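*Asks:*
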Amino acid sequence: MELVQAAGRVLLEQVQVADDDHERGAQFVRNDREEVARERFLALLDALRPQDPSGEEGRRREGRQGGGERGEQGPAQERARSEDEEGAQQGELEDDRAEGHRLTVYQFPDCPRQRSRLGPRLCQNEHAVTPLLLLLAGAALLWGLVHLLRVAAIGAAYKAKALCSGLFLSGRTVESLRTDVSDDSYRILRLFRVSVDRHRRTVTGSFFGLRARTAVYRPGLGATLAIGTRPDALEPKALPASAARPDWEHRPLEPVQRAVDRTFSEPDPLKLRRTRAVVVLRDGRILAERYAPGFGEAMPLPGWSMGKSVLNALVGISVKEGRLSLEQKNLLPEWSAPGDARSAITLEDLLRMRSGLEFAEVYKDPLSDVTRMLFASRSAALFAAAKPLRAPPGTLWAYQSGTSNILSRIVRLAAEKAGEDPLLFPRRALFDPLGMRAVPEPDAAGDFVFSSFLYASARDWARFGQLYAQDGVWEGRRLLPEGWVRFSTTPTPQSPEGRYGAHWWLRLSREFGGETEAAGRIPPDAFHAMGHEGQVLSVLPSLKLVAVRLGMSIRVDAWDHAAFLAEVVDALG
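Here the sequence shown is numbered in the numbering used here, starting from 1 and rising by one per residue.
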């Protein structure tokens with residue numbers, strides 16, 4: 001019973017550590033967690049150490065030592081040993097043959113193989129196991145439970161966030177969102193329960209009532225996970241109405257429309273495409289578009305990592321307005337301590353994903369850096385900024401969502417320094433001039449999570465792509481700095497085969513068909529914004545072509561964007 005109580009106390013303390021990690025977000029340091037775990041482990045060892053307040057142990061030891069070896073013991077000693085063994089069968093066995101050593105063996109029902117494993121000295125009762133084995137089993141159980149609770153918190157946050165954005169921002173139904181959060185590939189999410197409060201516009205997810213996480217919807221700002229704060233502390237912010245969308249000019253082209261229609265077919269039932277929206281522009285006019293049932297031209301949908309390219313535009317505008325410069329260093333107060341090598345990271349290093357910071361962009365691990373940043377941190381930017389350097393700045397390319405969120409915070413600080421509300425800056429500087437109604441979503445610290453959380457309609461994405469097809473000029477007004485598009489689409493030398501520019505991809509990834517024959521039919525000046533689950537925006541300047549595809553392709557190779565683009569290019573003749 002003492003063992004169970006001790007283990008229970010340690011488990012509760014470990015769970016509290018997990019809660020503290022959740023509350024502190026990016027402020028939580030790995031070394032602190034390891035130190036706390038070590039202290040809890042030592043506490044468990046101390047709790048398991050048998051106590052002898054009456055001194056009975058010493059008297060018993062002295063009595064047996066005085067009686068010599070077992071062959072010389074008299075009836076009294078034999079009776080004492082029999083009583084010890086009888087007591088062992090009721091709960092514990094004491095073996096103190098070694099001078100000054102007391103071993104308490106806790107036993108379980110019927111384990112005859114223990115004799116061969118433990119040897120005769122430790123198997124005076126063949127049903128016994130040592131406290132070391134029990135301790136190891138208990139430690140493994142505690143570790144597993146703490147790990148499970150951390151994963152549960154991530155899963156609850158993911159499901160709450162996805163449903164909150166889908167319900168209140170996209171305007172979808174609960175039934176239509178089931179695929180997004182309960183697909184066979186996300187089967188584990190079925191274990192998480194959610195509750196929707198339509199009056200407060202919140203969604204709370206939990207794992208059988210444990211590790212509850214709440215996402216709060218605010219008009220104009222989308223859904224925010226209430227991490228490190230109470231849901232009611234995320235007060236709604238009054239934002240001005242978005243600019244009216246201008247009408248598009250249509251110039252339908254039947255061969256292109258046929259290519260678009262084929263994107264909604266499902267040729268492989270094991271690799272479902274789940275295409276939801278496709279728009280193709282040429283010279284700013286719609287050649288073809290289509291939407292899946294339940295989706296429409298005005299519905300904002302998640303772009304995931306396509307938001308990184310939108311951030312590129314906002315950085316460019318900040319440079320144009322004199323708030324930032326590409327060579328600028330000492331970008332964050334958190335990197336300003338004397339001797340901090342991170343202060344040497346430049347704005348261009350961040351744009352080109354060569355900051356040198358350590359960051360694990362691994363999505364299969366639910367506790368990797370990227371998932372903890374997005375779904376368990378109050379500040380995504382500070383979580384990433386707290387990472388140490390793994391290489392000197394400017395020398396190593398590594399695709400990292402954390403880098404984008406650091407950039408987002410830098411843009412925010414620059415806006416605040418200029419006296420502008422950072423929440424309004426994207427709308428004033430980019431969305432309103434283009435007629436976009438895109439909604440980037442902030443974290444609980446107030447920074448937009450451009451790495452992953454930006455919702456926009458397919459037409460909005462097409463407008464954004466058209467801006468880059470026109471070299472940053474919109475309706476005669478230059479929004480991006482002169483030469484910014486050329487800079488953004490210049491290969492980063494440190495990236496593999498020069499595939500990456502500055503928050504834009506210069507070649508399609510292998511998952512999107514980038515290494516197929518069809519990819520060779522795409523003009524070499526094409527560049528792309530690519531996101532999770534098959535989101536792609538492609539700009540082909542030489543053809544004055546922009547193509548957007550949004551969907552829910554859970555299998556990474558389900559959507560062959562290269563084949564689609566090649567078919568569109570062929571259709572243009």
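Even for Gly, the Cβ is constructed at its ideal location relative to N, Cα and C.
Predicted, not measured: the structure shown is a model, and the values here were computed from it.
#1: Strictly by DSSP, which residues pair up with Asp197?
#2: Should Ile345 go down as buried or exposed, given a rule of 16 or more other Cβ atoms within 10 Å for buried?
#3: Can you give me the C-alpha to C-alpha distance between Pro255 and Val280, rounded to a whole angstrom?
#4: In chain order, which continuous runs of the beta strand (DSSP E) of length 3 or greater are located wholly inside the segment 403 to 463?
#5: Name the two residues that bound the continuous alpha helix (DSSP H) containing Met373.
#6: Expressed to the nearest angstrom, what Euclidean distance is found between the alpha-carbon atoms of Pro524 and Glu482?
#7: Would Gly222 and Val411 be called neighbours here (beta carbons separated by less than 7 Å)?
#8: Which same chain residues end up closer than 6 Å to Gly498 when comparing Cβ atoms and leaving out the 5 residues on each side of it in sequence?
#9: Are Thr173 and Gly551 close, meaning C-beta to C-beta below 7 Å?
#10: Could you tell me the alpha carbon to alpha carbon distance between Gly100 and Pro131, rounded to whole angstroms?
#11: Determine the direct distance from the alpha carbon of Thr224 to that of Ala233, and round the result to whole angstroms.
#12: Grab the span of the alpha helix (DSSP H) containing Phe564 for me, first residue to last.
#13: Helix, strand or coil: how does DSSP classify Arg555 here?
#14: Taking CB distances under 7 Å as the criterion, tell me whether Ser408 reaches chain C.
#15: Between Gly435 and Leu479, what straight-line distance do the alpha-carbon atoms span, to the nearest angstrom?
#16: What are the partner residues of Glu289, as DSSP defines its beta bridges?
#17: With Arg211 and Ala153 assumed to form a contact (beta carbons below 8 Å), what rounded beta-carbon distance in angstroms separates them?
#18: Unbroken alpha helix (DSSP H) runs of length 4 or more, entirely within the segment 479 to 540: which are they?
#19: Assuming Val548 contacts Ala462 under a Cβ cut-off of 8 Å, what Cβ separation, rounded to an integer in Å, is found between them?
#20: Between Met306 and Gln470, is the Cβ-Cβ spacing less than 7 Å?
#21: His528 and Leu508 look like a contact to me (Cβ under 8 Å); what is the Cβ gap, rounded to whole Å?
#22: Looking at Ala215: is its Cβ nearer than 7 Å to the Cβ of Cys164?
#23: Give me whichever residues DSSP pairs with Pro302 in a beta bridge.
#24: Give the range of the alpha helix (DSSP H) segment to which Val216 is assigned.
#25: Would you list the one or two residues that DSSP bridges to Val473?
#26: Looking only at C-alpha atoms, which of Arg427, Asp432, Leu423 sits nearest to Leu443?
#27: Tell me the DSSP secondary structure of Ala162 in three-state form.
#28: Of the choices Leu413, Asp432, Glu475, whose alpha-carbon is the least far from that of Ala445?
#29: Where DSSP assigns a beta bridge to Leu332, which residues make up the other side?
#30: Would you identify the three-state DSSP class for Phe108, choosing helix, strand or coil?
#31: Counting Cβ pairs closer than 8 Å, one from the segment 348 to 364 and one from the segment 384 to 399, do we hit at least three?
#32: Measure the C-alpha to C-alpha separation of Thr204 and Gly155 and round it to an integer number of angstroms.
#33: Return helix, strand or coil for Phe207, following the three-state DSSP convention.
#34: Candidates Ile188, Leu136, Thr516, Ser457: which alpha carbon is nearest Arg290's?
#35: Since Gly575 is in the beta strand (DSSP E), which residue starts that stretch and which ends it?
#36: How many whole angstroms separate the CB atoms of Val569 and Arg510, which I take to be in contact at a CB cut-off of 8 Å?
*Replies:* Considering the structure as presented:
#1: Counting from one through the sequence shown, the residue named residue 197 turns up at place 197. Asp197 is bridged to Thr202.
#2: For the purposes of this step, residue 345 is identified with residue 345 of the sequence shown, where counting begins at 1. Flag for Ile345 reads buried.
#3: Locating residue 255 in the sequence shown gives position 255, where the first residue counts as 1. Locating residue 280 in the sequence shown gives position 280, where the first residue counts as 1. Their Cα atoms are separated by approximately 12 Å.
#4: 454 to 456
#5: Taking the first residue of the sequence shown as 1, we reach residue 373 at position 373. Note, Met373: alpha helix (DSSP H), 369 to 375.
#6: Counted from its first residue, the sequence shown places residue 524 at position 524. Counted from its first residue, the sequence shown places residue 482 at position 482. The alpha-carbon atoms of Pro524 and Glu482 are separated by roughly 22 Å.
#7: Taking the first residue of the sequence shown as position 1, residue 222 is located at position 222. Taking the first residue of the sequence shown as position 1, residue 411 is located at position 411. Note that the C-beta distance between Gly222 and Val411 is not below 7 Å.
#8: In the sequence shown, counting from the first residue as 1, residue 498 sits at position 498. Excluding sequence neighbours, Gly498 sits near Pro491.
#9: Translated into the one-based positions of the sequence shown, residue 173 becomes position 173. Translated into the one-based positions of the sequence shown, residue 551 becomes position 551. Result no, Cβ atoms of Thr173 and Gly551 do not sit closer than 7 Å.
#10: Start at 1 with the first residue of the sequence shown, and residue 100 comes out as number 100. Start at 1 with the first residue of the sequence shown, and residue 131 comes out as number 131. Its pLDDT being 38, under 50, Gly100 is placed unreliably in this model, and the value from its coordinates should be taken loosely. Cα atoms of Gly100 and Pro131: separation of roughly 17 Å, rounded to the nearest angstrom.
#11: Indexing the sequence shown from 1 puts residue 233 at position 233. Indexing the sequence shown from 1 puts residue 224 at position 224. Answer to the nearest angstrom: the Cα atoms are 11 Å apart.
#12: Translated into the one-based positions of the sequence shown, residue 564 becomes position 564. Looking at the DSSP string, the run of the alpha helix (DSSP H) that includes Phe564 is 561 to 571.
#13: For the purposes of this step, residue 555 is taken as residue 555 along the sequence shown, with counting starting at 1. Looking at Arg555 - three-state DSSP - the assignment turns out to be coil, as it is neither helix nor strand.
#14: The displayed structure is made up of one protein chain only, and chain C is not part of it.
#15: For the purposes of this step, residue 435 is taken as residue 435 along the sequence shown, with counting starting at 1. For the purposes of this step, residue 479 is taken as residue 479 along the sequence shown, with counting starting at 1. Going from the Cα of Gly435 to the Cα of Leu479 covers about 13 Å.
#16: The residue given as residue 289 occupies position 289 in the sequence shown. Beta-bridge analysis with DSSP links Glu289 to Val279.
#17: Residue 211 sits at position 211 when you count from the first residue of the sequence shown. Residue 153 sits at position 153 when you count from the first residue of the sequence shown. The beta-carbon separation of Arg211 and Ala153, rounded to 4 Å, stays under the 8 Å limit for a contact.
#18: 484 to 488, all fully within the segment 479 to 540.
#19: The residue given as residue 548 occupies position 548 in the sequence shown. The residue given as residue 462 occupies position 462 in the sequence shown. Right, their Cβ atoms sit about 5 Å apart.
#20: For the purposes of this step, residue 306 is taken as the residue at position 306 of the sequence shown. For the purposes of this step, residue 470 is taken as the residue at position 470 of the sequence shown. No, these two residues do not count as a Cβ contact at 7 Å.
#21: Taking the first residue of the sequence shown as position 1, residue 528 is located at position 528. Taking the first residue of the sequence shown as position 1, residue 508 is located at position 508. Between Leu508 and His528 the Cβ distance is about 6 Å, and since that is below 8 Å, they are a contact.
#22: Within the sequence shown, residue 215 is the residue found at index 215, counting from 1. Within the sequence shown, residue 164 is the residue found at index 164, counting from 1. Cβ distance < 7 Å, so Ala215 and Cys164 count as in contact.
#23: For the purposes of this step, residue 302 is taken as residue 302 along the sequence shown, with counting starting at 1. Bridge partners of Pro302: Tyr455.
#24: Reading the sequence shown from its first residue, position 216 is the one you call residue 216. Run containing Val216: none in the alpha helix (DSSP H); it sits in the beta strand (DSSP E), 210 to 218.
#25: Working through the sequence shown from its first residue, we reach residue 473 at position 473. Answer is Arg478, bridged to Val473.
#26: Counted from its first residue, the sequence shown places residue 443 at position 443. The residue you asked about is not Leu; residue 443 is Asp in the sequence shown. Ranking the options by Cα distance to Asp443, first place goes to Leu423.
#27: In the sequence shown, counting from the first residue as 1, residue 162 sits at position 162. DSSP places Ala162 within a helical segment (H, G or I) once states are collapsed to three.
#28: Counted from its first residue, the sequence shown places residue 445 at position 445. If we check each option's Cα against that of Ala445, Leu413 comes out closest.
#29: Taking the sequence shown and counting its residues from 1, the one referred to as residue 332 is at position 332. According to DSSP, which records beta bridges pairwise, Leu332 is partnered with nothing at all.
#30: Within the sequence shown, numbered from 1, the residue matching residue 108 stands at position 108. Residue placement at Phe108 is flagged as unreliable, the pLDDT there being 33, under the threshold of 50; the coordinate-derived value follows with that caveat. Three-state DSSP puts Phe108 in coil, outside helix and strand.
#31: yes
#32: Within the sequence shown, numbered from 1, the residue matching residue 204 stands at position 204. Within the sequence shown, numbered from 1, the residue matching residue 155 stands at position 155. Distance between the alpha carbons of Thr204 and Gly155 is about 11 Å.
#33: Start at 1 with the first residue of the sequence shown, and residue 207 comes out as number 207. Strand at Phe207.
#34: For the purposes of this step, residue 290 is taken as the residue at position 290 of the sequence shown. Per the Cα distances, Ser457.
#35: Because the chain spans 1 through 573 in this model, residue 575 falls outside it and cannot be assessed.
#36: Reading the sequence shown from its first residue, position 569 is the one you call residue 569. Reading the sequence shown from its first residue, position 510 is the one you call residue 510. Not confirmed; about 20 Å, so no contact.
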